[in-house]
Every structure is written in C-alpha cells, then in structure tokens.
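**Student:** In my numbering, the protein residues as written are 181 to 234.
Each residue gets a CB set at the ideal place from its N, CA and C atoms; glycine is no exception.
(1) Need the endpoints of the alpha helix (DSSP H) that residue 206 sits in, please.
(2) Among residues of its own chain, excluding the 5 on either side of residue 204, which ones have a beta-carbon nearer than 8 Å to its beta-carbon?
(3) By alpha-carbon positions, which one of 209, 214 and 189 ends up nearest to residue 224?
Following this line, the structure appears as structure tokens:
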C-alpha cells in the first residue's frame, strides 16, 4: 500500500466491523503499525453493546 499524504483531500477513514474474535483489534493494530511512519493517525472506538458512552 502506498499512502501519499500530498495527494489526499481530507482524512482517510476506515471502518472495521465484525463479530467477537474476528480479528478487528489485530487488524487495527497492524494497520496502525504500518501507517504510523507515513501519516498522523488516531483510532476512535465505539462499543455499541454496552452503555459505556451513556
């Protein structure tokens, strides 16, 4: 994957979903390790099954 920050017009947003145990966290961690040297990044999480945000 080639990430060139000079050609994008806005943020790169990636949505990752799936059942428990599908590897969402592992994929997010790998993607962050790969992209961190190239771009500034942040991860926003939301657990829709708990009242954590309420």
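**Tutor:** Walking through what the data contain:
(1) 204-215
(2) Once the five neighbours on either side are set aside, the close Cβ partners of residue 204 are 196, 197 and 198.
(3) 209
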